[in-house]
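Each residue of the sequence shown is one higher than the last, beginning at 9 in our numbering.
Where is the CB? At the ideal position from N, CA and C, for every residue including glycine.
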Amino acid sequence: MHEKVSQLTLTPRVHELLGRRAAARWAADRPMPVLQVLDFLVDGVSLLDMIRARLPGFLLVSPLWVSSPLAVEFHATALLGEGPSDLHEGDPEGHVALFMCPHCAIGGCGVLSARLTRDDDRVVWTDVAQGRPNLAGIGPFVFKADEYERALRPLTLNRTAGMTGKTSVPGAP
């Protein structure tokens with residue numbers, strides 16, 4: 009059986025942090041609080057949009073917060089399979105976070121994960137949204153390892169940039 013190989017890319021995305029009711033009470037002269045993240049695109053389609061098509065009220069966002077280079081580096085390292093898990097103890101073994109709470113980004117309020125497996129030439133996300141029946145059938149996603157690396161590796165370079173006092177995240181203003 010031939011497996012479909014997908015391409016992972018990242019793109020900036022802005023999320024409003026207030027619901028409609030809270031936004032209606034927000035002072036007009038104050039900027040609305042927003043969170044800019046790097047959104048996962050699978051074959052050019054937002055993974056978040058795929059999920060929201062099935063769960064319109066889905067509130068979790070990518071853990072790749074542009075405003076927090078260290079958090080981006082931590083989550084990117086986990087997504088590369090090179091660092092500690094970015095999930096809590098008791099969460100599924102071998103999984104990494106694809107979406108987390110937009111307020112804390114530590115997964116305590118909620119997380120949507122995938123099992124990450126790697127070999128020399130491919131990276132696979134399986135068990136996407138494990139335990140969420142409305143999301144059954146999303147994934148698995150198979151990526152060419154070199155393309156996957158090109159998408160995520162630049163996000164881990166803050167370790168050396170931090171030594172010079174400069175940090176940057178692709179897509180940051």
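### Task
In the DSSP assignment, find the beta strand (DSSP E) that holds R123 and state where it starts and stops.
V119 to R126
### Query
If you draw a straight line from the alpha carbon of S121 to that of M58, how long is it in whole angstroms?
15 Å
### Three CB pairs or more closer than 8 Å across the segment 12-23 and the segment 38-56
yes
### Query
Based on the DSSP output, what are the partners of H23 in its beta bridges?
L43
### Query
Which of the three DSSP states, helix, strand or coil, is assigned to H103?
strand
### Task
Take the Cβ of H111 as the centre, count every other Cβ of all protein chains shown within 10 Å, and call the residue buried at 16 or more, exposed below.
exposed
### Task
Quick one: give me the first and last residue of the alpha helix (DSSP H) that F82 is part of.
P77 to L87
### Message
Just to confirm before moving on: does the CB-CB distance between D135 and P100 stay below 8 Å?
### Response
yes
### Query
Which residue comes first and which comes last in the alpha helix (DSSP H) that contains V38?
The identity of residue 38 in the sequence shown is Arg, whereas the question assumes Val. First-last for R38: undefined, no H or E at that position.
### Query
Can the beta-carbon of W109 be found less than 8 Å from the beta-carbon of G118?
A small fix is needed here, since residue 109 is Cys in this sequence, not Trp. Yes; because the gap between Cβ atoms is below 8 Å, this pair is in contact.
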